[in-house]
Structure formats: C-alpha cells, structure tokens
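2 protein chains.
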Amino acid sequence: PGKKVLIVYAHQDPKSFNGSLLKIAVEELTKQGCSVTVSDLYAMQFEPRATRNDIVGHLHNPEAFNYGVETWEAYKRGGLSKDLVEEQKKVQEADLLIFQFPLFWFSMPAILKGWMDRVLVQGFAYDLSKSYDGGLLQDKLSLFSFTTGGSKEKYAARGDIRYLLWPMQHGIMHFCGVKVLEPHICYAPMHVSEDKRKEMLTAWTQRLKTLWKEEPIDCSPEWYFK
Amino acid sequence: PGKKVLIVYAHQDPKSFNGSLLKIAVEELTKQGCSVTVSDLYAMQFEPRATRNDIVGHLHNPEAFNYGVETWEAYKRGGLSKDLVEEQKKVQEADLLIFQFPLFWFSMPAILKGWMDRVLVQGFAYDLSKSYDGGLLQDKLSLFSFTTGGSKEKYAARGDIRYLLWPMQHGIMHFCGVKVLEPHICYAPMHVSEDKRKEMLTAWTQRLKTLWKEEPIDCSPEWYFK
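This is the structure we're talking about:
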C-alpha cells in the first residue's frame, strides 16, 4: 500500500490477452492501495528511434553524432526531449517497473526496446563505474511479464527460456541496479482453450496478491545458464 | 563473385566507426565482384513500430488485432505495406545478410529490431512447422557485426559475450533457416587509440577477403553456453 508502480505496456489492442493482463495488474495493484501509472507505448505512438531529435538545442560534438554521449551530455544540462523527461520522471518515482508485452523474436517488440534505448540514458540510469549493484536505479524492482506465440514445449526443445531473459533482465535492469523478480510467462494464449486462458489470467491475479513478499532472483549467470 | 549481399545498417552518422565499417564492407565486397545493397535504416527513417499501418486494406480479424496473424494473412494476399515488400525483396535476393550496428543494451538498436519484427513475417521467413533447419530463408548466410561501448574485459567479467548473441543469431536467423557466420565484434572503438581503431578497420577488411570460405557456426546451445 502506497507503493508506486509503472507498467510499460506494448500491445496495439486493449482487447488482446496482453490487454487483459494489463487490466488485471492495474485493478489488482490499485485495489492494494498502490498508485499505478501506465505507459501505453502504441497509444502514445512512442518513438523508438534514437535520433538527434532527442537532444534539445546544441550538440556536444556536431562533428560526429554519438547517441550515448549526446544524451548523457543533454541529460546533465537538462536538454533531453520532453517525452524522455516524462518517462524518466515516471521511472524515478516508481518502486516497481512491470513490462507487459508479447515476445517478438526472443525479445521485446521494437517499440519497447526503443523505450529502453531512449529512456535509460547515462547519468540517469547508470554512469561511469555506476552499474550493476552500483547502478543509479537502486531500490526498485522490475518484472518482465510476456506472452509467447509458441508453446512451452517448443521453447524447451531448443534451450531454456531463461537464455533469452539474459539481455533484458541482466543486460538492462540489473545493469541499472534494478532488482529483478521472476518473469511471468504466459505460453501461447492464442493456441489454448478459453478455460486455459482464464486460468492464466487468474494465476496472474493470484501472483500479484503476494508480489510484494517475493524475493528478487539472483541475477547471476548461474540463474540463466546453470 | 556474383554473390548478392544485403547490409542492414543502423547508425545515425556516416562519419561514425560503424559508418567506416559499412564503407569498408561495401568497398571490399564490391571489389570482389559482389552486388551490394545497403538498407541505411536511420537515413530511410525506417519505421520500427509494428502497427496496423503495415497491412494494406482490410484486416483478417478487426475484432482483435494480432500483428503476427494480420501480417501473415496480408503477406499471403500481397497486402503488406510497400516498405516491407521492398525489404523482403532485398532479403529474398541476398546470399548474405550483414547487420552492422552499435550494441544497445545487450541487443540491437530498436530501429534494427523493428526491421526484424516487421520484415521477417510468417509466410515469408518461416511458417507452420517451417522453422530452424526447415526455415524459409535457407541457403542464406548472416553475420552480426557490431561495436560495443564497454571493453572486452568488462563484458567478460559478467559472462560470455556469446550469451547475448542467442536471441539474435539463434532466435531470429537460425529460426528462419539462415546460417550464421562468426560475429564480428569491435570492442569500445570510442575508448581506444587511433592506431587501435585503424587496426580494427584493417581486421574487418582482412576478414571480408576470405569471408566466403568461412564455415557457419553450429548454432546450438553448446556454442553459446558451453
């Protein structure tokens, strides 16, 4: 109660299964007394491309455009574009970040990857020698909640599903100092019965009820590749 | 000689180190008698977002928008948007796909991820039970060539760099039936001496000279997580 949650949501259709998972999270967390903010990326027509437009005013080095350097410098002088500043404010205030999306190609949809690329700039999310356990977004939790097209068996046949979590959970969240809760994976909701889908929605509600008691995972290589 | 190469390139500035790597590849491969096409994503202002705009005309199911289903159906009836059809034509004709980009967050920049999300649709790149060794883009090679911000030692300290190649090489290329050559990684070009940078550029030229003699990697979990 009193906790702040930011849900970054990447599905085009509110009537989708991802839309139902979002709705459940908003309702359940609000019921618990949390304050919930949603960044509905498609509805916002969020820009995924990392370009010069993200820097207001002059460039640090107009001779050779380096996005990482330019956004770092712009962050320090308060010169990042408005949409980024707004997202950073939401992140700063949040105790928990939930990412809700359909898995696209073993990873996030580009619109969500663009959110990571553009919002989590140096100076804000990490800095020189301030990364991993020293990252700048400490005392925050994150949770990747996603749906897949293929069944659990199809994924397991080629390798552990955890392999594909490494870049997202370790490479991004852990790098910024954000703790990571167990991912929430709904396998192939499009290909199961209506009953099974309802079961999956109920399971999400149930998990959210005790979410704040969960321990973060140990985000080391062993968790992923043991 | 006579081989066709598509380079999908994701850097904002031609004067960047990525720009130099691109230039070298175009020159060296052209010199070999290859026909080289470049998709310069930022220059094209390539759209990374997967939306309804990618389908020309009616939707298969207007009640619930599912991007995978809609692009599959649109592909079958020739109803994909023009920019996607053009990229698919380039892929179809290519013997080798080179992806040239700076690593962003253990993965591709969003603009390149959007190219994967939108171009490699079902029916074109894979299909029901046509994936991995049965994928639809067989007899093609791919190569991920990228630069990093951090040093080789920094990456190695947290786990093998190969861990982050799994979603890109296995989850995308291998899934579509495309064979994968060893990645080409230039570590931290921004933080090394001018001499070292020149060395890295020369190494890329040298590698390209004998590229067609290379054997693809064995894209199994063992290669990544041994």
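Just so you know, the protein sequences line up as chains A and B, in that order. Its first residue numbered 428, the first sequence is counted upward by one per residue in my numbering. Its first residue numbered 428, the second sequence is counted upward by one per residue in my numbering. Glycine included, every Cβ here is placed at the ideal spot set by N, Cα and C.
Pair within 8 Å by beta-carbon distance, residue i and residue j
i        : j        : result
Ser569/B : Met535/B : no
Leu530/A : Phe573/A : yes
Val465/A : Leu449/A : yes
Leu539/A : Phe551/A : no
Gln549/B : Trp499/B : yes
Ser556/B : Ala615/B : no
His611/A : Cys646/A : no
Leu523/A : Lys442/A : no
Gly586/A : Pro643/B : no
Closer than 8 Å to chain A by CB, residue i
i        : result
Asn480/B : no
Ala552/B : no
Lys540/B : yes
Ala452/B : no
Phe652/B : yes
Asp467/B : no
C-beta neighbour in chain B for residue i, strict 8 Å
i        : result
Gly598/A : yes
Gly495/A : yes
Met627/A : no
Gln527/A : no
Ser534/A : yes
Arg476/A : yes
Gln565/A : no
Trp593/A : yes
Ala470/A : no
Pro610/A : no
Gln515/A : no
Phe573/A : no
Gln633/A : no
Gly604/A : no
Gln439/A : yes
Pro616/A : no
Ala583/A : no
Pro428/A : no
Tyr590/A : yes
Coil, strand or helix - residue i by DSSP
i        : result
Thr457/B : helix
His678/A : An answer regarding residue 678/A cannot be provided, because it is not within the stretch 428 to 653 covered by chain A.
Cys603/B : helix
Gln472/A : coil
Leu628/B : helix
Thr464/B : strand
Lys662/B : Here chain B covers residues 428 to 653 and nothing more, so residue 662/B does not appear.
Gln633/A : helix
Pro529/A : strand
Leu608/B : coil
Phe492/A : coil
Ser443/A : coil
Leu507/B : strand
Thr498/B : helix
Asp554/B : strand
Lys431/A : strand
Leu568/A : strand
Leu592/A : helix
Ile644/A : coil
Closest by C-alpha distance to residue i, when choosing among the options
i        : options                                : result
Tyr502/A : Lys636/A, Gln515/A, Leu433/A, His611/A : Gln515/A
Gly506/B : Gly484/B, Gln519/B, Pro610/B           : Gly484/B
Val658/B : Tyr582/B, Glu454/B, Pro441/B           : Since the first and last residues shown for chain B are 428 and 653, residue 658/B lies out of range.
Gly541/A : Met617/B, Glu474/B, Cys613/B, Asp587/B : Glu474/B
Tyr553/A : Ser443/A, Ile612/A, Gly495/A           : Gly495/A
Trp593/B : Lys625/A, Phe533/A, Met543/A           : Phe533/A
Phe444/A : Ala491/A, Val463/A, Thr629/A           : Thr629/A
Ala452/B : Gly429/B, Ile434/B, Phe652/B           : Ile434/B
Phe571/A : Glu580/A, Arg585/A, Glu490/A, Glu609/A : Glu609/A
Ala521/B : Gly586/B, Ser620/B, Gln565/B, Ala537/B : Gln565/B
Tyr469/B : Ile482/B, Val619/B, Ala537/B           : Ala537/B
Gln472/B : Arg504/B, Gly446/B, Tyr436/B           : Tyr436/B
Cα-Cα separation between residue i and residue j, rounded to whole angstroms
i        : j        : result
Leu480/A : Ser508/A : Sequence check: residue 480/A is Asn here, not Leu. The straight-line gap from Cα to Cα measures roughly 7 Å.
Cys461/A : His438/A : 23 Å
Arg476/A : Ser558/B : 29 Å
Thr457/B : Lys623/B : 26 Å
Met627/B : Glu513/A : 39 Å
Lys567/B : Asp560/B : 12 Å
Tyr582/A : Lys517/B : 30 Å
Trp639/B : Leu635/A : 53 Å
Trp650/A : Phe602/A : 16 Å
Val605/B : Gln519/B : 11 Å
Asp440/A : Glu641/B : 45 Å
Phe652/B : Ile588/A : 13 Å
Thr478/B : Phe526/A : 19 Å
Met617/B : Glu490/B : 49 Å
Ile482/A : Gly576/B : 20 Å
CB contact check: residue i to chain E, cutoff 8 Å
i        : result
Ser443/A : The structure shown has no chain E; the protein chains it does contain are A and B.
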